[in-house]
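Novice: Right, I'll just put the structure down here and ask away after.
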Amino acid sequence: MPRVMIVGSTMMDLVAYADRLPEAGETVVGTSFQTGFGGKGANQAVMARLLGADVSMVCCVGSDGYGAETLQNFADRGIDTTWARRVPGASGVAPIWVEAGGQNRIIILPGANLAMDPDVAIAAMNDGPAPGVVAGQFEIPQSVTAAAFAAARRRGAVTVLNPAPAAPLEPALAAEVDWLIPNEVELAALAGTDPDDLPGDDLLRSLAERVGCRLLVTLGEAGSALVGTDGAVQRIPAPTVDAVDTTGAGDAFVGGFIWALAGGRSDTDAVGIATTVAADSVTRPGTQLSFATPEAYERLLADL
Ligand code: RIB
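Heads up, the sequence shown is in this note's numbering, so the first residue is 73 and it goes up one at a time.
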């Protein structure tokens with residue numbers, strides 16, 4: 073299977089669980105707390121790796137303890153860190169609140185993620201075997217992702233952008249995207265619509281046309297919507313599960329999708345795989361901590 077490369081973020085997740093989240097000016101007593109490795113890029117890299125991809129992570133961590141622990145986590149999981157740099161200062165951190173039912177609220181403090189350099193990202197794309205799929209997110213500067221995607225495409229790679237957290241898409245990056253995978257909130261930021269409105273087929277088709285790429289929107293428990301090459305919109309349901317923590321489910325989805333794409337699976341197969349691993353992840357607490365083992369994924373995906 074061709075290599076998967078992630079040009080993206082790492083964070084240390086500081087996760088507090090409570091039955092209900094505080095209102096402004098209010099203090100509530102939580103039920104538990106955990107720290108775990110996170111960052112949308114790192115989570116997607118880890119999921120693709122757990123599924124069996126050969127994964128390289130292009131990223132920046134800080135000179136603090138979190139930076140060293142993050143690099144060790146990649147090494148323990150067999151993720152290549154040739155192009156992971158340590159820079160002076162703080163690593164990215166993400167304080168996260170999760171309420172009963174699993175819904176989360178996240179603040180990210182990008183720290184070292186903002187020190188990523190386009191020239192390093194280009195060099196990473198040109199080093200070693202050509203990547204089959206390269207994925208990026210919005211937790212590092214868009215100019216870095218644009219430079220990496222352009223270099224990767226020159227080597228024949230497919231580029232996948234998860235535009236999270238929500239922000240406008242810069243034209244230079246839009247021009248280098250093959251697949252765009254937002255959630256409803258991110259879709260609304262890109263399309264200029266209300267995130268509470270369920271996106272209709274016309275809106276999805278026109279966004280895919282405007283950006284000039286394939287579009288796959290994740291819709292939480294409502295599953296996802298895939299815009300086909302002919303403009304037809306397919307709605308793919310998600311299995312009903314008992315959610316305890318939705319943090320990282322979108323990353324599990326993207327990690328599963330890029331693994332399947334790199335392995336030559338069809339678009340619809342890839343969405344089925346992504347949906348299955350994402351639904352499974354919300355049944356356990358944590359971000360990467362909620363992901364299963366390679367053996368469990370083999371069993372889970374045996375029929376897909
Ligand atoms: O998507 C979940 C991730 O968002 C968390 O791991 C947190 O670090 C933020 O990047």
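We treat Cβ as the ideally placed atom computed from N, Cα and C, and that holds for glycine.
Given the structure is predicted, the values throughout are model-derived calculations rather than measurements.
1) Starting from residue 142 and walking both ways along the alpha helix (DSSP H), at which residues does that stretch end?
2) Would you kindly work out how many angstroms separate the C-alpha atoms of residue 324 and residue 115, rounded to a whole number?
3) DSSP three-state label for residue 90, please.
4) Out of curiosity, what's the CA-to-CA distance linking residue 122 and residue 370?
5) Would the beta-carbon of residue 225 fall within 9 angstroms of that of residue 217?
6) Between which two residues does the alpha helix (DSSP H) carrying residue 219 extend?
7) Relative to the ligand RIB, is the shortest distance from any of its heavy atoms to the C-beta of residue 236 smaller than 8 angstroms?
8) Just grab the DSSP bridge partners of residue 128 for me.
9) Helix or strand or just coil, what does DSSP make of residue 188?
10) Under 8 angstroms from any heavy atom of the ligand RIB, does the C-beta of residue 145 make it?
11) Taking the alpha-carbon of residue 277 as reference, which of 307, 138 and 181 has the nearest alpha-carbon?
12) With DSSP as the reference, label residue 347 as helix, strand or coil.
13) DSSP beta-bridge partners for residue 320?
14) Would you tell me roughly how many angstroms separate the C-alpha atoms of residue 280 and residue 272, rounded to the nearest one?
15) On the criterion of 16 or more Cβ atoms from any shown chain inside 10 Å, does residue 73 qualify as buried, or is it exposed?
Specialist: In terms of the structure at hand:
1) 137–148
2) 7 angstroms
3) strand
4) 10 angstroms
5) no
6) 214–226
7) yes
8) 77 and 152
9) coil
10) No, the ligand RIB has no heavy atom inside 8 angstroms of this Cβ.
11) Cα-wise, what sits closest to residue 277 is 307.
12) helix
13) Answer by DSSP bridge pairing: none, since residue 320 is not bridged.
14) 13 angstroms
15) exposed
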